[in-house]
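Have a look at the structure below before the remarks.
Protein chains: 2
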Amino acid sequence: MNAPIGVFDSGVGGLTVVKEIMRQLPGENLVYFGDTARVPYGSKSKNTVCKYSKQIVRFLQTKQVKAIVIACNTASALALDEIREEIDIPVMGVVEPGAMMAANTTRTNNIGIIGTESTIKSGIYNKFLHKINPDITVVSKACPLFVPLVEEGLWEDRVTEDIVGRYLHELKEYEIDALILGCTHYPLLRRVIGQEIGEDVKLVNPAYETAKSLKLLLGEKNLLNTMSIEEHEPTYDYFVSDGVDKFISFADDVLSCHVDHAEIVDIESY
Amino acid sequence: MNAPIGVFDSGVGGLTVVKEIMRQLPGENLVYFGDTARVPYGSKSKNTVCKYSKQIVRFLQTKQVKAIVIACNTASALALDEIREEIDIPVMGVVEPGAMMAANTTRTNNIGIIGTESTIKSGIYNKFLHKINPDITVVSKACPLFVPLVEEGLWEDRVTEDIVGRYLHELKEYEIDALILGCTHYPLLRRVIGQEIGEDVKLVNPAYETAKSLKLLLGEKNLLNTMSIEEHEPTYDYFVSDGVDKFISFADDVLSCHVDHAEIVDIESY
Chain Z
62 MNAPIGVFDS GVGGLTVVKE IMRQLPGENL VYFGDTARVP YGSKSKNTVC KYSKQIVRFL
122 QTKQVKAIVI ACNTASALAL DEIREEIDIP VMGVVEPGAM MAANTTRTNN IGIIGTESTI
182 KSGIYNKFLH KINPDITVVS KACPLFVPLV EEGLWEDRVT EDIVGRYLHE LKEYEIDALI
242 LGCTHYPLLR RVIGQEIGED VKLVNPAYET AKSLKLLLGE KNLLNTMSIE EHEPTYDYFV
302 SDGVDKFISF ADDVLSCHVD HAEIVDIESY
Chain S
62 MNAPIGVFDS GVGGLTVVKE IMRQLPGENL VYFGDTARVP YGSKSKNTVC KYSKQIVRFL
122 QTKQVKAIVI ACNTASALAL DEIREEIDIP VMGVVEPGAM MAANTTRTNN IGIIGTESTI
182 KSGIYNKFLH KINPDITVVS KACPLFVPLV EEGLWEDRVT EDIVGRYLHE LKEYEIDALI
242 LGCTHYPLLR RVIGQEIGED VKLVNPAYET AKSLKLLLGE KNLLNTMSIE EHEPTYDYFV
302 SDGVDKFISF ADDVLSCHVD HAEIVDIESY
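Structural data, given as structure tokens:
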């Protein structure tokens with residue numbers, strides 16, 4: 062099926078999920094929307110995140126998407142159920158695939174989760190993990206400074222090491238052996254986080270797991286694009302609610318994700 | 062005149078301006094709007110900030126305000142002119158009073174400005190300063206990590222000292238003797254900033270200067286509330302676009318500004 066897959070995020074971070082989808086599903090067409098005008102979602106209430114997410118879903122539907130991936134952990138945590146009630150096409154968040162991987166990995170049954178304030182407060186990872194295995198102990202910690210530090214480019218800085226050390230300090234008191242990086246920006250801090258938490262702890266990147274699950278899901282539903290890459294060049298269309306130039310340069314510089322064109326959408330009108 | 066003064070900001074930071082107005086104009090009624098759903102403005106484009114600001118002005122007009130204070134540096138920088146064109150009541154931003162004070166203070170004619178990315182990129186402080194005195198040299202620096210650090214409560218932390226040191230490093234190469242704290246959150250870092258930049262540099266807080274200018278302006282226009290505080294208890298009404306509880310606790314804990322009630326407004330509908 063040639064229709065594109067819709068992917069959305071509160072901003073530019075969701076491009077990490079796009080990159081994984083491109084890698085694992087190289088024949089698929091993609092439409093990306095980044096809500097750069099209203100970013101970040103991580104400190105907003107459930108009501109507001111649901112309202113914004115539904116506007117975006119309505120916009121993506123005008124692009125005839127065959128499935129939607131919510132690349133934002135916060136929107137996955139707060140809006141997935143409401144969106145599924147509203148539309149008929151498959152909708153996937155990043156939380157479930159990440160939780161599944163962590164649950165399959167752990168031997169101590171102690172799993173750590175780091176994310177934005179809203180993702181952590183939602184308790185959504187706990188919910189999924191306990192559905193998979195009620196014996197799992199979940200230790201969670203909000204890390205509000207990680208996104209600004211990544212956006213300032215301080216990925217391997219002494220200040221970042223200091224802050225990572227403080228946020229992860231509590232987690233280290235539990236015997237976790239898997240840590241879910243519950244925000245699209247966090248994999249960029251992977252080295253510092255790994256150093257701090259220790260090499261015995263597996264870092265789970267929901268972007269990677271989501272692309273894997275998406276491939277399975279599209280296969281099951283007979284929605285995979287069956288044209289070979291030789292027959293067609295896949296199309297990637299990018300839309301944002303603000304700041305095209307900033308979006309493009311951030312995608313290039315920070316995420317090494319080449320975007321040559323993006324269009325502004327008046328998202329409040331959807 | 063009993064009508065209230067409208068004050069708005071991208072979030073909670075504008076309450077620092079409210080506090081100054083309460084102190085310097087204790088007889089005035091106030092209506093505050095904080096755009097907590099769409100905060101921060103500092104990384105958004107001019108178009109988006111203008112659109113959001115105009116929605117807020119339309120909301121404030123439904124409260125019959127007699128004047129409007131834009132407590133947000135970014136919105137003052139990007140939207141003041143457009144708002145003034147649209148409405149008849151006096152509108153004041155925080156930029157002009159801050160610039161005026163700095164220009165009156167400096168002896169070296171070298172003035173530093175720190176603020177959000179959008180405020181700095183707008184060049185608005187330069188414009189006002191050069192209008193006052195074309196000989197002034199303006200040195201400006203965006204400090205994107207200051208707001209998240211303040212919001213994490215790290216006002217006097219070693220990490221904050223480290224980051225402040227890096228941001229102000231360049232400014233120290235110029236002989237500035239006045240530094241404008243061009244963002245509502247920055248006065249909370251006053252001690253660390255002062256330590257880093259040196260005691261010979263006067264720190265200018267636009268919130269304080271704005272309240273002073275507002276008093277003068279209302280006097281000139283015959284708009285001061287002439288009822289004495291003995292005759293009436295002034296009313297303070299607070300509105301936000303998201304997260305009432307978070308707004309109230311931040312106001313209390315961080316700004317020591319007591320807010321006992323706030324109401325949610327669907328600001329996109331204005």
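Listed in order, the protein sequences are those of chains Z and S. The opening residue of the first sequence carries number 62 in my numbering; numbering runs sequentially from there. The opening residue of the second sequence carries number 62 in my numbering; numbering runs sequentially from there. Yeah, the Cβ is synthetic: ideal placement off N, Cα and C, and Gly gets one too.
- As computed with DSSP, S/L240 is found in a beta bridge with S/G173, S/L264.
- The segment 79-112 of chain Z is shown to contain no whole alpha helix (DSSP H) run of 4 or more residues.
- Of the residues Z/G159, Z/K105, Z/L139, Z/I172, the one whose Cα lies closest to the Cα of Z/I237 is Z/I172.
- Secondary structure at Z/A64: coil, using DSSP grouped into helix, strand and coil.
- For S/M153, there is no enclosing alpha helix (DSSP H); the enclosing beta strand (DSSP E) covers residues 152-154.
- Just so you know, the alpha carbons of Z/D298 and Z/S179 end up roughly 29 Å apart.
- Separation of S/E213 and Z/I181 (C-alpha to C-alpha, rounded to the nearest whole angstrom) is 16 Å.
- Per DSSP, the unbroken beta strand (DSSP E) holding S/T198 starts and ends at 198-203.
- Under the 8 Å criterion on CB atoms, S/K105 is classed as interfacial with respect to chain Z.
- Closest in alpha carbon position to Z/G184, among Z/S274, Z/V220, Z/T135, Z/I150, is Z/T135.
- Within chain S, the residues K105, S106, T109 have their CB atoms less than 7 Å from the CB of Z/D303, given in chain order.
- In this structure, Z/N165 keeps its C-beta atom at 8 Å or more from the C-beta atom of Z/N286.
- The DSSP-derived three-state label of Z/Y228 is helix.
- Here the C-alpha atom of S/R99 lies approximately 17 Å from the C-alpha atom of S/A138.
- Here Z/T77 is buried. Its C-beta has 16 or more other C-beta atoms within 10 Å.
- Cβ neighbours of S/I290 within its own chain (closer than 8 Å, five residues either side excluded): P87, G88.
- When CB distances to chain Z are screened at a threshold of 9 Å, the residues of the segment 89-101 of chain S falling below it are T97, A98, R99, V100, P101, in chain order.
- Contact between S/V265 and S/M162 is confirmed by a C-beta separation of about 5 Å, below the 8 Å threshold.
- Counting of Cβ neighbours within 10 angstroms places S/E270 among the buried residues, the total reaching 16 or more.
- Residue contact check for S/E329 against chain Z: a CB pair falls below 8 Å.
- In chain order, V220 make up the part of chain S whose C-beta sits under 7 Å from the C-beta of Z/I224.
- Scanning chain S for C-beta atoms nearer than 7 Å to the C-beta of Z/L250 yields nothing, as the closest lies near 15 Å away.
- Z/Y299: not part of any alpha helix (DSSP H); member of the beta strand (DSSP E) spanning 297-301, first to last residue.
- With its beta carbon at least 8 Å from every one in chain Z, S/L277 lies outside the interface.
- When DSSP reads this structure, Z/F69 sits in a beta bridge with Z/F94, Z/I131.
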